[in-house]
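Visitor: My questions will all concern the structure given below.
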Amino acid sequence: GVNVPPAVSTVTYLTSAGAPTLVLQHVPPFACDNLEGVRGGVPAGWLSYPCRGKHIAFDGRLLHGAPRQLSRAGDTPAGYLRVSLLVNVWLGYKPMGVDLFPEEELRA
């Protein structure tokens, strides 16, 4: 398989709880079978802790995720979830398996 990353990735936090977004200054290889291209040192990284209404945007090629292990103790009460809106922007490419949002749902 081939990994086609977005030009821009964004996260908008809808709650103030849960794991932070971790963005690493490392661009993985385009070929998914090239695990050696993922290994190695990472020169820098950024953490963004959830705060309701906070919005971040970054180069979509960079490795990123929300590792629960980096959550701050006491930041997430029992039963409370991290809720965020993720928007990725591709230029000149449409990801496979993506359908338009049903118009009848827009009016609901």
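According to this note's numbering, the stretch in the sequence shown is residues 1053 to 1160, in order. Using N, Cα and C, we set each Cβ at its ideal position, and we do this for glycine too.
1. In this structure, does DSSP put Leu1076 in helix, strand or coil?
2. What does DSSP give as the partner residues of Ala1109 in its beta bridges?
3. Please report the distance separating the alpha-carbon of Lys1146 from that of Ile1108.
4. So the alpha helix (DSSP H) Leu1158 belongs to, where does it begin and stop?
5. Helix, strand or coil for Leu1133 per DSSP?
6. Return the Cβ separation of Leu1066 and Leu1122 in integer angstroms, given the expectation that the two are a contact with Cβ distance under 8 Å.
7. Exposed or buried, Val998, counting other C-beta atoms within 10 Å across all chains shown (16 or more means buried)?
8. Closest by CA to Lys1106, which one among Ser1068, Glu1155, Pro1119?
9. Which value, in whole angstroms, describes the spacing of the CA atoms of Pro1114 and Ala1096?
10. Could you please give me the residues that DSSP links to Trp1098 through a beta bridge?
11. Whose C-alpha, out of Glu1156, Pro1080, Thr1128, is nearest the C-alpha of Val1094?
Guide: Working from what's here:
1. Correct three-state label for Leu1076: strand.
2. Answer by DSSP bridge pairing, in chain order: Thr1062.
3. Going by the C-alpha atoms only, they are around 23 Å apart.
4. For Leu1158, the enclosing alpha helix (DSSP H) covers residues 1155 to 1158.
5. If DSSP states are grouped into helix, strand and coil, Leu1133 belongs with coil.
6. Not confirmed; about 19 Å, so no contact.
7. Outside the displayed range of the chain (1053 to 1160) lies residue 998, so it cannot be described from this structure.
8. The option with the nearest alpha carbon to Lys1106 is Ser1068.
9. Going by the sequence as given, residue 1114 is Leu instead of Pro. When the Cα atoms are used, Leu1114 and Ala1096 turn out to be separated by approximately 11 Å.
10. For Trp1098, which the question treats as bridged, DSSP gives the partners Val1075.
11. Checking every option, the nearest Cα to that of Val1094 belongs to Pro1080.
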